[in-house]
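Numbering (the working numbering), first residue to last: 67 to 452. Glycine included, every Cβ here is placed at the ideal spot set by N, Cα and C. To start, the structure under review is shown below, and the notes come after it.
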């Protein structure tokens, strides 16, 4: 949020902010690929501290001055580190927590993260945008996060095994799951990444942008639980159709009210972001329903790769389109992605049988702005290299 508002205040073209978002996405893709080998080399605790140090360095680079080229590199470094940090933290939690309470702990983890996003966005209204206050706040919280890890007496988990990525195999197991990850990777990065760029270009104030972004995570908290509850009791594909259709309609409303009253936009973006984010957890749960026990690790790795790949490619496309059609291009792209996924799932409903409700697992809330909890090496499977 800070970067597009700061660039707008300094008179830079919005294309620079789009390039920085693309750099962030590229770093995230690299983080998904390289975190597994890093953890196997140095262990969870050291990996956590290394990645935290990289986040602090990235924030320091942003605070050094308004240097867009440096900021592209800094945000790429941040994307790599924050994606890796989530993988390490979730892997550690999965190992340390008993099976009986793992679901509740992970749900709390995701809720805390989404709440933290909202609080972080809200602080944008409180800082002087022309100073380095925001990057400094980020450095402080990063340093604080290292302290409990450095002082913990908990035993570290064993080194993770190499997880292979085989997209063709994953597609055979769950086409809807893979398509859902491709869709939500693009949706999440488009909406969360380009909403502040577009709002700034439209002339909304720093406080307005902060309010809009801090409200958006509410949609994730409000919509995921009821949608997940319904999906546990029926064919999850029906709920995926509803979520993607809602995301498409909300995107159309975002176009209709573009540049209008802030209160209306806040409500629209809450629904839009919440519906889009819900696709992530619903698609993941649907894929797990269709996978055998031996498929789970490779499937999770493949889904994560699909999510991160889309999260890299789509922002690049949006940035290129924005240079030609304006910053509202992300809305059209998001609507198109949601519509295409909705039609694909509808087609699958008519051509394939549902998993019986009694054979499905339980829904777990997740956010599409954090990677799936799986360690990765991305050693290609012999069935098909990505």
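In this structure, residue 286 lies near residue 180, with their beta-carbon atoms less than 8 Å apart. Residues of the same chain with a CB within less than 7 Å of the CB of residue 188, apart from the 5 flanking positions on each side, are 276, 280 in chain order. In this structure, the alpha-carbon of residue 96 lies about 14 Å from that of residue 120. With contacts defined by Cβ atoms closer than 8 Å, residue 213 and residue 154 do not form a contacting pair. Taking all protein chains in view, the Cβ of residue 418 is surrounded by fewer than 16 other Cβ atoms within 10 Å, so the residue is classified as exposed. DSSP assignment within the region 226-266 yields no whole beta strand (DSSP E) run of 3 residues or more. A direct Cα-Cα distance of roughly 44 Å separates residue 112 from residue 269.
Using a Cβ distance threshold of 8 Å, residue 309 and residue 341 count as a contacting pair. With contact defined as three or more Cβ pairs closer than 8 Å, the region 205-219 and the region 332-350 are not in contact. For the pair residue 329 and residue 323, the Cα-to-Cα distance works out to about 10 Å. The Cβ atoms of residue 335 and residue 387 lie no closer than 8 Å to each other. Straight-line spacing of the CA atoms in residue 320 and residue 140 works out to 31 Å. Taking C-alpha positions only, residue 296 is separated from residue 289 by approximately 11 Å.
A direct Cα-to-Cα measurement between residue 72 and residue 261 gives close to 14 Å.
For residue 272, the CB contacts under 7 Å within the same chain, skipping 5 residues up- and downstream, are 71, 190, 191, 195 in chain order.
Note on geometry: alpha-carbon atoms of residue 163 and residue 218 lie some 15 Å from one another.
Here the alpha carbon of residue 182 sits roughly 34 Å from the alpha carbon of residue 409. In the three-state reduction of the DSSP assignment, residue 197 falls in the coil class.
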